[in-house]
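Asker: These protein sequence lines are chains A and B, in that order. All residue numbers for the first sequence refer to my numbering, where the first residue is 1 and numbers rise by one. All residue numbers for the second sequence refer to my numbering, where the first residue is 344 and numbers rise by one. Here a beta-carbon is modelled for each residue, glycine too, at the ideal position from N, C-alpha and C.
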Amino acid sequence: MLYKILDKKDFKDFVNNLISAYEVTAPKKISQALHDFFPIKSYEEMDLSYKRTTLPPAKKMLFPSNEALASYTVGNNIEVKSLNESKEQLLFGVGAWDINGMNFLDRIFSTDFIDENYMEKRKKLKVIGIDAEPSDANFASSVGSEFAKEGFDLFLSDIGDKYFVRIGTAAGAEIASKFGDFLDASDVDYSAYDRQMDLYKNKFNVNVNLDNFFENFEIVYGKKDLWEKLAKSCFSCGSCNLVCPTCFCFNVRDDIKIDLAGGIKSRQWDSCMISNYGLVAGGHNFRPDEANRLKQRYRCKLKTFVEKFGQYSCVGCGRCVEACLAKINIYEDINAVKEEVSI
Amino acid sequence: MSKPKVGVFGLAGCGGCQLEILNLEDELIDFICAVDIVHFTEAITEHSDTYDIALIEGSVSTKHDLERLEHIASVAKIIIAIGACSSTGGLNCLKNLYGTEKAKELVYGDKKDWIDAIDTKPIDAYVKVDYHARGCPPTRAEIVDIVKSLIMGKVPEIPDYPVCIECKRLGNICVYETGGTCMGPVARAGCNARCPSANSGCEACRGPVDDPNINAQKDLLDRYGLTVEDIMEGFNLYNACKKIEQKNK
Ligand code: SF4
Ligand code: SF4
Chain A
1 MLYKILDKKD FKDFVNNLIS AYEVTAPKKI SQALHDFFPI KSYEEMDLSY
51 KRTTLPPAKK MLFPSNEALA SYTVGNNIEV KSLNESKEQL LFGVGAWDIN
101 GMNFLDRIFS TDFIDENYME KRKKLKVIGI DAEPSDANFA SSVGSEFAKE
151 GFDLFLSDIG DKYFVRIGTA AGAEIASKFG DFLDASDVDY SAYDRQMDLY
201 KNKFNVNVNL DNFFENFEIV YGKKDLWEKL AKSCFSCGSC NLVCPTCFCF
251 NVRDDIKIDL AGGIKSRQWD SCMISNYGLV AGGHNFRPDE ANRLKQRYRC
301 KLKTFVEKFG QYSCVGCGRC VEACLAKINI YEDINAVKEE VSI
Chain B
344 MSKPKVGVFG LAGCGGCQLE ILNLEDELID FICAVDIVHF TEAITEHSDT
394 YDIALIEGSV STKHDLERLE HIASVAKIII AIGACSSTGG LNCLKNLYGT
444 EKAKELVYGD KKDWIDAIDT KPIDAYVKVD YHARGCPPTR AEIVDIVKSL
494 IMGKVPEIPD YPVCIECKRL GNICVYETGG TCMGPVARAG CNARCPSANS
544 GCEACRGPVD DPNINAQKDL LDRYGLTVED IMEGFNLYNA CKKIEQKNK
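1. For A:T304, does the three-state DSSP call read helix, strand or coil?
2. Consider the Cβ of A:N276: report whether some Cβ of chain B lies at a distance smaller than 8 Å.
3. Near A:A173, what residues of its chain come up, given a Cβ to Cβ distance below 7 Å and the 5 sequence neighbours on each side ignored?
4. The region 542-560 of chain B: which residues have C-beta closer than 9 Å to a C-beta of chain A, in chain order?
5. Tell me the DSSP secondary structure of B:I425 in three-state form.
6. Considering Cα atoms alone, identify which of B:G544, B:K420, B:N535 is closest to B:N508.
7. Using a beta-carbon distance below 8 Å, is B:I319 in contact with chain A?
8. Would you call the CB atoms of B:N556 and A:S71 closer than 8 Å?
9. Considering only C-alpha positions, which residue in the set B:D562, B:H475, B:I501, B:S543 is nearest to B:A424?
10. Kindly list, in the order they appear in chain B, the residues whose Cβ is closer than 7 Å to that of A:Q268.
11. Would you list, in sequence order, the uninterrupted alpha helix (DSSP H) runs of no fewer than 4 residues that lie entirely inside the region 436-482 of chain B?
12. What three-state label does DSSP hand A:Q268 in the structure shown?
13. Going along the chain, which residues of its own chain have a beta-carbon closer than 7 Å to the beta-carbon of A:I108, five neighbours each way excluded?
14. Assuming the contact rule is C-beta atoms closer than 8 Å, A:C237 and B:P347 should be a hit. Round their C-beta distance to whole Å, please.
15. Taking only the alpha-carbon atoms, compute the straight-line gap between A:L91 and A:A26 and give it to the nearest angstrom.
16. When the distance is taken between beta carbons, is B:G353 closer than 8 Å to B:P480?
17. For B:T524, go through chain A and note every residue whose CB falls closer than 9 Å to its CB, in chain order.
18. Check distances from the C-beta atoms of the region 219-244 of chain A to those of chain B and list, in chain order, the residues that come in under 8 Å.
19. To test your reading of the DSSP string, which unbroken beta strand (DSSP E) runs of 3 or more residues are found completely within the region 348-382 of chain B?
20. Which residues count as close to ligand 1 when the rule is a CB under 5 Å from any of its heavy atoms, in chain order?
21. Are the beta-carbon atoms of B:N329 and B:S402 separated by less than 8 Å?
22. Determine the DSSP secondary structure at A:Q89, reduced to helix, strand or coil.
23. Evaluate B:K447 with the Cβ neighbour count: other Cβ atoms within 10 Å of its Cβ, from every protein chain shown; 16 or more gives buried, anything less gives exposed.
24. Quick one: measure Cβ to Cβ for B:N515 and B:P539, integer angstroms, because I've assumed they're closer than 8 Å.
25. Exposed or buried, which one is A:L199 when buried takes at least 16 other CB atoms within 10 Å?
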């Protein structure tokens, strides 16, 4: 990793240079309390002082909520054409937890099976991260994702009147040399960065202790009362899944033209919290109620990928907590599991 | 099924659902080529009494509606309810809240006996309905999709998840975040979150999902400082029939 410095007075020029070279997606204010990532045309459109964003930016760019996968014709001449739209893009101002969420999706879509539609877009995406302000529900530091080790080309940390810049890739180094006035970091800058990192860790209000969760979860897994209590208000609305940077489930649907001569296969974000998710042929539903579905979601987030990839699939962004109208809260429920075991 | 004979009928309703079929624009020609339309109240003068699929708009609000519905059901092999009135009773059910007799008097005064109005009900209160293309108005895509699936021998995919899913796919700001209220968490999706996308709360025109968490919805509205009356209004507009039915249980 290379380290550089970008003076804040050169920051605006840097961003505008990027905008002239790339389609830049960056945070924009969309309401009093909310931001979301959209393509921007000028520096002024961007607002880096965001806390909550509606959707995880990398997920919506690389794995769109509705995406055509293939078109086909039927009849005497069967033809299948894969549809895969991708372009050079740059994601600017994304927080560490969301970069870690994207790193997880990278693994999902390239392990066992290469998902061309995702990977093509990923290859063409440049990522510039920043130490973003965690929202009130963000608990990234509890799951070790408040810091991004990889997955970015450049990563900016605010150290006063300048940014300390980590250069993560060769493409990042090229961006730095081509589009900005990046200087070498001095000893003073390194110590300022260390101080900033210590301060940054303390910005996360929510701390949750996941020690022993792996074992505790199995102990309480069969406790129907507990799960029914935790899931009592669940609407089975799927919001928690859809706003999650690591939820990758999708449903594939067939839109056949009315003349039946051909059609399009497309995928949409799916959710393990909706009632039909576990419905199989013959009408059996293997996750028939909210309680079953909620504990499955927690298993997927906090156990399954510890076994498979050696990491949580939850990056602690807090979006599911913010999106849930039933006030179902993953970190409170982690505590509830702990409490249940200690009784 | 090869080129099925289709009848499009209207009971008590505004006719808008039938117009949605005529509004198919790009797909209209393909649609009328794929099926053999033998009856279409709003669109053609010819009429035949032999059809495989009946698309029925509107609720049963008069004795005459009921007679017609029973006749259609005795001919058609497959019945598709189109629109809110047909699927849930829709707006017409508001009359039931007054009491049908009182409503008749209110509207027709001393001529009320000329009217054969009965309590409004959705068509599946009387006949077996195979599929519902819900909504006010129903989406054109869903009507076509159901018919298409039948021609192909497939089961049509009709969403049984709440509107919130569609909001999230679109990246909408939740109506509750903007100080409004919304039936989205218990309302059946399929409209692509039409109203919330325009920052207007969902009124559940497609009816509730199969297993709505009504208590949680009450708690939710309660948290936003709404009274029981407000809550009931949210359900009334399109789902008064269902509510009266539940009360009588
Ligand atoms: S936990 Fe909350 S957001 Fe998730 S499905 Fe249930 S009600 Fe919806
Ligand atoms: S606006 Fe309504 S439908 Fe959309 S997310 Fe909020 S509650 Fe759900």
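Answerer: In short, the structure shows the following:
1. Collapsing the DSSP output to three states places A:T304 in a helix.
2. It does; some Cβ of chain B falls within 8 Å.
3. Excluding the 5 residues flanking it on each side, A:A173 has same chain C-beta neighbours closer than 7 Å at L2, I167, in chain order.
4. Under the 9 Å Cβ criterion, the region 542-560 of chain B contributes V552, D553, D554, P555, N556, N558, A559, Q560.
5. For B:I425, the secondary structure class from DSSP, reduced to helix, strand or coil, is strand.
6. A small correction: the amino acid at residue 508 of chain B is Ile; Asn does not occupy that position in the sequence shown. The shortest Cα separation from B:I508 among B:G544, B:K420, B:N535 belongs to B:N535.
7. As shown, chain B starts at 344 and ends at 592. That puts residue 319 of chain B outside it, with no answer to give.
8. Result no, Cβ atoms of B:N556 and A:S71 do not sit closer than 8 Å.
9. Closest option to B:A424, Cα to Cα, is B:H475.
10. The CB of A:Q268 comes closer than 7 Å to the CB of R512 in chain B, given here in chain order.
11. If one requires a minimum length of 4 residues, the alpha helix (DSSP H) runs lying completely within the region 436-482 of chain B are 437-441, 443-451, in chain order.
12. In the structure shown, A:Q268 sits in a strand (DSSP, three-state: E or B).
13. Sequence-distant partners of A:I108 (beyond 5 residues in either direction) whose C-beta falls short of 7 Å from its own C-beta, in its chain, are F248.
14. Here A:C237 is actually not in contact with B:P347; their C-beta atoms are around 36 Å apart, not less than 8 Å.
15. So the two alpha carbons sit approximately 6 Å from each other.
16. Their beta carbons are not under 8 Å apart, which means B:P480 does not touch B:G353 by this criterion.
17. Close to B:T524, with beta-carbon spacing below 9 Å, lies no residue of chain A; the smallest spacing is near 11 Å.
18. Cβ contacts with chain B: K232, S233, C234, F235, S236, C237, G238, S239, L242, V243.
19. Runs found: 348-353.
20. Every residue whose Cβ sits closer than 5 Å to any heavy atom of ligand 1 is listed here in chain order: A:C234, A:F235, A:C237, A:S239, A:C240, A:M273, A:C324, A:A326, A:I328.
21. Residue 329 of chain B lies beyond the stretch modelled for chain B, which goes from 344 to 592, so this question has no answer here.
22. Three-state result, A:Q89: strand.
23. By the 10 Å Cβ count, B:K447 comes out buried.
24. Rounded to whole angstroms, the Cβ separation of B:N515 and B:P539 is 6 Å, and the two are in contact under 8 Å.
25. Around the Cβ of A:L199, a 10 Å sphere holds fewer than 16 other Cβ atoms; the residue is exposed.
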